[in-house]
Amino acid sequence: MEKQPETIMQIDDLHFAFTLRGQLLHVLRGITLDVYKGESLAIVGESGSGKSVLVKTLMGLNDGNGYVESGHILYEGKDLTTLKTDAEWRGIRGREIAMVLQDPMTSLNPLKTIGWQIQEAVELHQDLHGEEAKQAVYKILGEVGIADAPRRYKQYPHEFSGGMRQRVVIAVAVACRPKVLICDEPTTALDVTIQAQILGIIKEMQKKYGLTTIYITHDLGVVANVADRIAVMYAGDIVEVGRCEEVFYDPRHPYTWALLSSLPQLGVKGEPLYAIEGTPPNLFQEVKGDAFAPRNPGALKIDFVKRPPMLAVSPTHKARTWLLDPRAPQVNPPEHIRALREKGRALKLCEEEGTHA
Amino acid sequence: MTKYIIKRILHALITLGIVIAIVFVLLRQMPVEGYFNNFDKYTPAQISVGLQKLGLNDPIPVQIGHYFKQLLQGDLGTSNKYREGYPIAKIIAKKAPISIELGLISLVVALGVGLPMGIMMARSTRTKYKLWDKFGTVFIVVVQAVPSAVYHLLIQLYGSELLGVSMLFDMDKKITWILPIFSLAIGNIAYYAMWLRRYMVDESNKDYIRLARAKGVPAGKISRVHIFRNAIVPLVQYLPNSILFTLMGSLYVESLYSIPGMGGLLVQVIKLQDNTMVQALVLVYAGISVLGLLFGDLLMALVDPRISFTKKEGAR
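So the sequences go chain by chain: A and B. Under the numbering used here, the residue at position 345 of the first sequence is numbered 379, and the numbers go up by one with no gaps. Under the numbering used here, the residue at position 288 of the second sequence is numbered 292, and the numbers go up by one with no gaps.
Have a look at this one:
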């Protein structure tokens, strides 16, 4: 990441909407995001912030009532928003971008052996058939840590535990030989003891195959563990993006403050945990100004009127808040965040990246 | 597996035994007229001799014992009134084949039309106007909601005019088979289309279909290999029953076209109070149901690997 990173995907002012019972639901409101080759990017945000819709848009997997209103997704010079039919998408799905879904208990076909399901991907994307394909499946099974591949090949998903199934799902994704791997909350449905193993396997696969990984999660522990960069989403928009340590130790957007403050690890024993007041905005209506302003006790007047631009903190760190405007008054972040900032300064000396605190 | 099947067959036999015993006891509560043709002409003495001959004066448990013994020898007994003194097995053997033949053909038609229709409907739910789905739903609702007698009559009236054939069934003229087969099939077409559509829509919203799409599997292959294959599992269970029940024929369709099949035979013999035949036919009905369920379960196990009759081993 030290040298000038090469961009693999450029999302430019992406607007996405669903028509629901005659109403328009604006799920993504002007997302602009670059994904660099070989990095791991984590997209965090609360439920309903649009993170899943965003990655499904990248693969054209949204439900039929959703459509791209405007904006572009440039992937290796190709605009993915122009792809319409299944046939057009086929060159991207699996082959270029693969996905690991959230719940391994339901993401495998219960009536097919796991070998068959991995082989399906191998045959589609590696152009191997018959015995060769089978050998490739054995190899992949070994890589994701499933021993005794010939026996496991013939088994059905119900004969595997949750953690093992998620390994199979990763194997299916890797078997496509993609360049980008999207992990949609890959550990949410798993036992805590298994989570680290699964993240370890994804990291290993990333290194081995030079994958670019995009994680979607609301588990900041996972983020700290795996991410190079973090994009914070709120109400269908990216409010802050930066390198992992920048967002963790020097967050600038009030929503990121609130999000980090609500980490139980940052709470003080005996005091109630921090919770963000209010609810996210109704995306059926047009959001004015900063979407987070109504829930932000220190919101500025302009936050209710005009949508803040993406302002740079450093070349790698940007946030969509008026607080970064030179004309803005000095607003101090909450106490927790100030503590984090100090801790970050101290840690930066020893080049520590991320935190498990 | 074998152990399971043996166990199931034993259970089935016990069920049958209980059904037979209950029906037997109930039928013995019926007036004894049922055992005699021209009951009025007999004197009380003759009646008592007749009953004695039929073994009906014995205590009921003894009678049941005799009946079971007779069944074990493969004898369904003889008819009392329907065709006096004629073996029931022979009556069935004469009437059943035509019902079975018509029934099986109609079942094939129902599957051949109903399943593709369900698939088309399910696939069209993903398109914008859902034309197939709407068209199919209208058909299903009509078939389900309108009393079957109405559309059977309409089919007979307009169908015979359209095809220019006789309204009645003629064993040797194949063209007269078309209408009754269609009549028999239409309900099943709606049934299979409705359930297959429903199960396919269910399956297509599942995560593993999303994963298959994310893998880049072409839509047609997803529909065939993943969705249809999984949606058919719950339908498979009822297939053996559908097949076996063709044996009993259809009361309404067979009388409409005057087909000399099994349909209505049970109703007829109940009306006649031909008690031995009622008993035999109930036994056949029950046997078919029990056997159909058993085959259905076995077939399910064949198509769904999650169902296992043996103890799990090595799984975790």
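We put the beta carbon where it would ideally sit given N, CA and C, even for glycine.
Asked, Found
"Return the chain-ordered list of same chain residues with a C-beta closer than 6 Å to the C-beta of A:LEU345, the five sequence neighbours on each side being excluded.", "LEU358"
"Kindly indicate which residue of A:LEU145, A:MET133, A:GLU274, A:ALA327 has the alpha-carbon position closest to the one of A:ALA155.", "A:MET133"
"Can you name, in chain order, every residue of its own chain whose Cβ lies under 7 Å from the Cβ of A:VAL206, other than the five neighbours on each side?", "GLN151, ILE152, ALA155"
"Could you spell out where the beta strand (DSSP E) holding A:LYS352 opens and where it closes?", "351–353"
"Please confirm if B:PRO222 has its CB atom under 8 Å from at least one CB of chain A.", "yes"
"Please classify A:GLU110 as buried or exposed, where buried requires at least 16 other C-beta atoms within 10 Å of its C-beta.", "exposed"
"Taking the beta carbon of A:ARG199 as the centre, do at least 16 other beta carbons fall within 10 Å, making it buried, or is it exposed?", "buried"
"Helix or strand or just coil, what does DSSP make of B:PHE28?", "helix"
"Quick check for students: name the residue ranges of the alpha helix (DSSP H) that lie wholly in the segment 280–360 of chain A, counting only runs of 4 or more.", "288–295"
"Report yes or no: is there a C-beta of chain A within less than 8 Å of the C-beta of B:PRO309?", "yes"
"Could you name each continuous alpha helix (DSSP H) segment of 4 residues or more that falls completely within the segment 54–103 of chain B, going from the start of the chain to the end?", "64–76"
"Verify whether the separation of the beta carbon atoms of B:ILE144 and B:ALA194 is less than 8 Å.", "yes"
"Report the residue from A:GLY196, A:HIS192, A:ALA353, A:ARG201 whose alpha carbon sits nearest the alpha carbon of A:VAL171.", "A:ARG201"
"My output table needs one value for B:MET304: the three-state DSSP class, helix, strand or coil.", "helix"
"By the criterion of Cβ-Cβ separation under 7 Å, what are the contact partners of B:ASP211 in chain D?", "This model lacks chain D altogether, as its protein chains are A and B."
"Output yes if chain B places a C-beta closer than 8 Å to the C-beta of A:VAL206; else output no.", "yes"
"Pull up the CB-CB distance for B:GLN272 and B:MET34, whole angstroms please, since I reckon it's below 8 Å.", "With 8 Å as the limit, B:GLN272 and B:MET34 do not qualify as a contact, their Cβ atoms being about 16 Å apart."
"I want to see whether chain A comes within less than 8 Å of B:LEU215, judged by CB atoms only; does it?", "yes"
"What in chain B is Cβ-close to A:VAL203, meaning under 8 Å?", "LEU215"
"So what's A:ASP262 in DSSP terms, helix, strand or just coil?", "coil"
"Check whether the Cβ atoms of B:GLN67 and B:GLY54 sit closer than 8 Å, and answer yes or no.", "no"
"Three-state secondary structure (DSSP) at A:MET35?", "Only weak support exists for where A:MET35 lies, its pLDDT of 46 falling under 50; the coordinates are left without a value."
"Per DSSP, A:SER74 is paired with what?", "A:THR247"
"Between which two residues does the beta strand (DSSP E) carrying A:ALA132 extend?", "131–134"
"Whole angstroms is fine: what's the gap from A:GLY105's alpha carbon to A:LEU48's?", "4 Å"
"Looking at C-alpha atoms only, which residue of A:LYS188, A:GLN44, A:GLN169, A:PRO144 is the closest neighbour of A:ASP113?", "A:GLN44"
"When you compare each of B:TYR71, B:ASP301, B:SER110, B:HIS156 to B:LEU239 by their alpha carbons, which one comes out closest?", "B:ASP301"
"Given that A:ALA132 touches chain B, what residues does it touch there, using C-beta distances under 9 Å?", "ALA218, LYS219, GLY220"
"DSSP three-state label for A:ASP253, please.", "coil"
"Check each residue of the segment 141–155 of chain A: if its Cβ is closer than 7 Å to any Cβ of chain B, include it; give the result in chain order.", "SER141, LEU142, ASN143, PRO144, LEU145, GLU154, ALA155"
"Looking at C-alpha atoms only, which residue of A:THR313, A:GLU376, A:LEU297 is the closest neighbour of A:ASP284?", "A:GLU376"
"Looking at the strands, I want to know which residues DSSP matches up with A:ILE107.", "A:ILE45"
"To the nearest angstrom, report how far apart B:ASP308 and B:LEU166 are at their CA atoms.", "45 Å"
"Determine the DSSP secondary structure at A:THR140, reduced to helix, strand or coil.", "coil"
"Using a Cβ-Cβ cutoff of less than 6 Å, which residues in the same chain neighbour A:ARG129 once the five nearest sequence positions on both sides are dropped?", "HIS159"
"What residues from chain B crowd round A:GLY98, counting only those whose CB sits closer than 7 Å?", "ARG130"
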